[in-house]
Amino acid sequence: MLTDYSNNVMQRFGDTWRGAVNTLLKCEQRRKKLVEQLEAKEKSAAEIKRECESQIWGPARRLKESLSTGWPVGTTFQEWGIIGLLWPVFESYSDGYEFQKDSIYYDIKASPLQHLKAFVQLNAILAREKMRFVQALPLRRSWVYAHVPLNTAILVRCIFDDPYTRTPGGKSTIKADINKHWGRAVDLQQDMFRSQKHHQFLGFAMTDGVSISAVRETKEELAETSAKRAREEQQQHEQPAAQRARLSYQPLSYQPMVPLPYQPLSYQPVHQSRPSAQQQQPLVQQPPQQTQPAQSVQRQQQADCEYIHDLSQAQLQSTVGRCVLVDPGRRDLLYMMHEKSSVASKNVYRYTRCQQRKETRVKKYRKILENEKTADVAEAERRLSAGSYIKPDLELFKEYLAARADVAVELTRFYNKTMCNQRVGTTTPEVPLHRKLRLSAYTNRQQADQLLVNRLRQRFSQDAVFVMGNWSAPMGNWSAPMGNWSAPMAKFHEPIRGKGWRTLLKRGGFTVYLINEHLTSSFCPICEERISTFLDVPNPRPFRRTSRPMVKCHGLLGCQSQTCVEFKGNYLGQKKDESEGEKKGDVKRRLWNRDLAAVLNFRSILFSLRETGTVPLHFQRNTKTPKTRKTRKTSMAPAPHPT
Numbered sequence: 079m080l081t082d083y084s085n086n087v088m089q090r091f092g093d094t095w096r097g098a099v100n101t102l103l104k105c106e107q108r109r110k111k112l113v114e115q116l117e118a119k120e121k122s123a124a125e126i127k128r129e130c131e132s133q134i135w136g137p138a139r140r141l142k143e144s145l146s147t148g149w150p151v152g153t154t155f156q157e158w159g160i161i162g163l164l165w166p167v168f169e170s171y172s173d174g175y176e177f178q179k180d181s182i183y184y185d186i187k188a189s190p191l192q193h194l195k196a197f198v199q200l201n202a203i204l205a206r207e208k209m210r211f212v213q214a215l216p217l218r219r220s221w222v223y224a225h226v227p228l229n230t231a232i233l234v235r236c237i238f239d240d241p242y243t244r245t246p247g248g249k250s251t252i253k254a255d256i257n258k259h260w261g262r263a264v265d266l267q268q269d270m271f272r273s274q275k276h277h278q279f280l281g282f283a284m285t286d287g288v289s290i291s292a293v294r295e296t297k298e299e300l301a302e303t304s305a306k307r308a309r310e311e312q313q314q315h316e317q318p319a320a321q322r323a324r325l326s327y328q329p330l331s332y333q334p335m336v337p338l339p340y341q342p343l344s345y346q347p348v349h350q351s352r353p354s355a356q357q358q359q360p361l362v363q364q365p366p367q368q369t370q371p372a373q374s375v376q377r378q379q380q381a382d383c384e385y386i387h388d389l390s391q392a393q394l395q396s397t398v399g400r401c402v403l404v405d406p407g408r409r410d411l412l413y414m415m416h417e418k419s420s421v422a423s424k425n426v427y428r429y430t431r432c433q434q435r436k437e438t439r440v441k442k443y444r445k446i447l448e449n450e451k452t453a454d455v456a457e458a459e460r461r462l463s464a465g466s467y468i469k470p471d472l473e474l475f476k477e478y479l480a481a482r483a484d485v486a487v488e489l490t491r492f493y494n495k496t497m498c499n500q501r502v503g504t505t506t507p508e509v510p511l512h513r514k515l516r517l518s519a520y521t522n523r524q525q526a527d528q529l530l531v532n533r534l535r536q537r538f539s540q541d542a543v544f545v546m547g548n549w550s551a552p553m554g555n556w557s558a559p560m561g562n563w564s565a566p567m568a569k570f571h572e573p574i575r576g577k578g579w580r581t582l583l584k585r586g587g588f589t590v591y592l593i594n595e596h597l598t599s600s601f602c603p604i605c606e607e608r609i610s611t612f613l614d615v616p617n618p619r620p621f622r623r624t625s626r627p628m629v630k631c632h633g634l635l636g637c638q639s640q641t642c643v644e645f646k647g648n649y650l651g652q653k654k655d656e657s658e659g660e661k662k663g664d665v666k667r668r669l670w671n672r673d674l675a676a677v678l679n680f681r682s683i684l685f686s687l688r689e690t691g692t693v694p695l696h697f698q699r700n701t702k703t704p705k706t707r708k709t710r711k712t713s714m715a716p717a718p719h720p721t
């Protein structure tokens with residue numbers, strides 16, 4: 079349960095915090111209004127973007143950075159009102175608590191459970207202001223039995239009901255006879271229980287009654303983990319908390335200069351002087367820490383794979399003719415292109431989401447479960463969905479628990495007592511359907527991954543070197559250092575698989591490197607000019623077509639430079655009457671698939687590293703685009719608060 083709460087805080091607290099600030103500042107409404115005004119004045123897209131950054135997103139970002147330190151400073155009455163509204167979140171922390179590296183975003187990842195109370199407080203504020211929020215304490219909504227831990231003690235005392243015995247010295251005899259006890263329940267000759275080099279089965283497994291997962295480890299690792307946990311607990315109790323000066327607010331009525339997105343607050347900040355570095359004596363003297371560039375920090379965080387930029391010239395030359403450029407994504411899970419690929423001789427491989435679903439049989443299993451669902455079960459689920467368990471309202475939560483208790487018998491019977499036959503050797507015993515399909519889905523995913531590795535081995539050979547983009551979305555890490563940006567979590571979409579693909583390819587015997595894909599989807603591979611989205615298409619999300627009927631096509635990019643002009647007329651190059659095309663104001667463009675443009679720019683970076691040892695200028699960070707988070711953070715000086 080604590081693990082679920084910890085993961086929920088790491089994944090959602092930071093995004094909810096930033097979204098709350100954006101909503102309170104009315105960033106989106108102000109942006110739309112500003113864009114309409116600038117378009118009426120016939121401003122260019124670059125000028126509109128620059129104005130939005132200077133008037134809306136820049137101040138909002140500075141306020142969020144100020145809030146993230148725990149010592150917020152506002153520049154307007156509106157910002158101070160937002161700080162006052164969100165101040166109960168800071169007060170929910172224990173006295174003397176300090177954010178690691180002076181960043182709440184970093185501390186959320188480092189110590190997520192320390193922010194659980196603050197997450198609950200933030201949700202209460204958002205609910206009171208009638209704003210969107212997520213559940214801070216998520217409930218387990220699945221009715222299918224989950225995997226439970228099973229150790230030797232549970233096996234002996236709860237399943238076999240053996241008497242509790244001890245040696246003459248007072249030690250338990252359970253751990254001394256692990257193989258004897260487990261041999262009565264499972265076949266220890268199976269591969270999953272056999273020793274592998276120094277790792278062996280030490281009596282711990284996870285099971286749901288249909289499948290079982292055995293944990294193999296060394297005795298030294300087990301002892302080291304236990305000792306480390308004991309040391310951390312002892313240090314936590316012995317080390318006193320450092321005293322922290324806080325901001326205090328005293329009531330003072332004022333008339334806001336700009337309209338607030340909520341009821342005006344009456345706060346005047348009274349800043350207490352923060353202790354200086356000389357006054358804050360550390361409990362333990364630490365050696366001076368050397369500051370590292372963001373790229374170095376990023377590569378330490380992704381230590382599972384080396385960056386192609388860090389290789390020597392000898393290593394780069396050894397990969398000539400063997401590199402495969404890989405761009406991970408959501409629809410095209412993997413878009414691969416060999417470095418020798420050309421228009422005349424294409425060597426491209428796409429592994430799509432549809433192909434993965436077909437191989438894992440996800441749609442087939444979903445239909446099986448839907449066909450087994452009766453009308454009574456559907457009605458029970460409908461009644462349960464009518465309640466709300468998300469809002470931080472005690473009465474609503476009580477109503478939800480009562481509705482859940484009413485349908486518990488019906489849903490538990492369906493999800494755990496629906497049986498099917500499963501072939502085990504020469505017999506076909508009955509097993510629960512939902513748990514059986516869950517096991518089948520897991521094995522299908524393993525087989526699909528292995529099938530993918532075999533296809534890549536046949537297509538690119540065993541000595542292929544995969545150079546993979548570092549854009550992935552483990553947790554929507556907005557606060558990551560420069561060069562380690564992560565794609566935000568998208569609703570109804572799985573996270574972009576990054577480390578999982580790298581681990582899979584390494585296990586398949588391939589060499590894998592990372593490449594920094596900064597701006598690789600923003601420049602034309604031919605003329606090296608900016609490319610952007612331009613085509614309006616119907617919104618692919620039906621539930622949003624009312625508010626946004628048309629959206630920009632994300633996967634299609636266009637280049638308008640003179641060297642890339644190829645056609646005139648329709649955007650997609652279809653034949654059309656010239657007069658009609660002129661009436662619509664069609665533009666000349668070279669069209670690019672986003673993934674193809676990315677891997678072609680990967681190849682440009684790779685060739686440049688081999689020839690000159692540097693990345694092309696338009697892909698270097700802080701060169702063509704100086705307005706990055708690092709520059710803003712270092713150049714931003716906190717403005718004095720209003721008096």
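The working numbering applies: residue 79 is where the sequence shown begins, and numbers increase by one.
Ideal Cβ positions, reconstructed from N, Cα and C, are used throughout, including at glycine.
What's the call for residue i, buried or exposed, on a 16-neighbour Cβ count within 10 Å?
| i | result |
| --- | --- |
| I609 | buried |
| G92 | buried |
| L160 | Note that residue 160 is Ile in the sequence shown, not Leu. Flag for I160 reads buried. |
| A292 | buried |
| L650 | Residue placement at L650 is flagged as unreliable, the pLDDT there being 40, under the threshold of 50; a coordinate-derived value is accordingly withheld. |
| Q156 | buried |
| T206 | Here the sequence assigns Arg to residue 206, which means Thr is not the residue at that position. Result: exposed. |
| S390 | exposed |
| N594 | buried |
| G636 | buried |
| R444 | exposed |
| T452 | exposed |
| I134 | buried |
| D82 | exposed |
| T94 | buried |
Relative to the C-alpha of residue i, which candidate in the options has its C-alpha closest?
| i | options | result |
| --- | --- | --- |
| I252 | G281, H277, Q268 | G281 |
| G633 | S600, T147, R622, R623 | S600 |
| D673 | E448, P603, Q178 | P603 |
| L200 | F168, V402, K179, L191 | F168 |
| A481 | Y493, D471, S466, P470 | S466 |
| L462 | A483, D180, K445 | A483 |
| R428 | K442, L530, A464, Q395 | L530 |
| K418 | K436, R431, T397, C432 | T397 |
| F271 | I290, D255, A254, L80 | I290 |
| M722 | G287, W579, H387 | Only positions 79 to 721 of the chain appear in the structure, and residue 722 is not among them; the question remains open. |
Starting from residue i, trace the beta strand (DSSP E) in both directions and tell me its first and last residue.
| i | result |
| --- | --- |
| M284 | 278-285 |
| K195 | It is not in any beta strand (DSSP E) - K195 instead sits in the alpha helix (DSSP H) that spans 194-206. |
| R294 | 290-295 |
| T589 | 589-593 |
| C637 | 634-637 |
| L411 | 410-416 |
When the distance is taken between beta carbons, is residue j closer than 8 angstroms to residue i?
| i | j | result |
| --- | --- | --- |
| K187 | M88 | yes |
| L592 | M546 | yes |
| H512 | V222 | yes |
| N532 | R439 | no |
| V67 | C383 | The first residue shown for the chain is 79 and the last is 721, placing residue 67 beyond what the model contains. |
| R431 | L412 | no |
Just to confirm the assignment, what range does the alpha helix (DSSP H) spanning residue i have?
| i | result |
| --- | --- |
| W260 | 256-261 |
| I252 | I252 -> no alpha helix (DSSP H), and no H or E assigned at all. |
| D673 | 672-689 |
| L112 | 105-118 |
Roughly how many angstroms lie between the CA atoms of residue i and residue j, to the nearest whole one?
| i | j | result |
| --- | --- | --- |
| Q107 | V455 | 43 angstroms |
| R408 | T296 | 38 angstroms |
| K142 | N548 | 26 angstroms |
| S84 | E459 | 28 angstroms |
| V226 | Q267 | 23 angstroms |
| D471 | T303 | 40 angstroms |
| E310 | D173 | 20 angstroms |
| L103 | W149 | 19 angstroms |
| T641 | G691 | 28 angstroms |
| V336 | W158 | With a pLDDT of 32 at V336, under the threshold of 50, the modelled position of that residue is not reliable, and the figure given next carries that caveat. Their Cα atoms are separated by approximately 12 angstroms. |
| I126 | K111 | 11 angstroms |
| R495 | K514 | A quick correction: the sequence has Lys, not Arg, at residue 495. K495 and K514: Cα-Cα distance of roughly 12 angstroms. |
Is the CB of residue i under 8 angstroms away from at least one CB in chain D?
| i | result |
| --- | --- |
| K110 | Although the question refers to chain D, the structure presented lacks it and comprises just one protein chain. |
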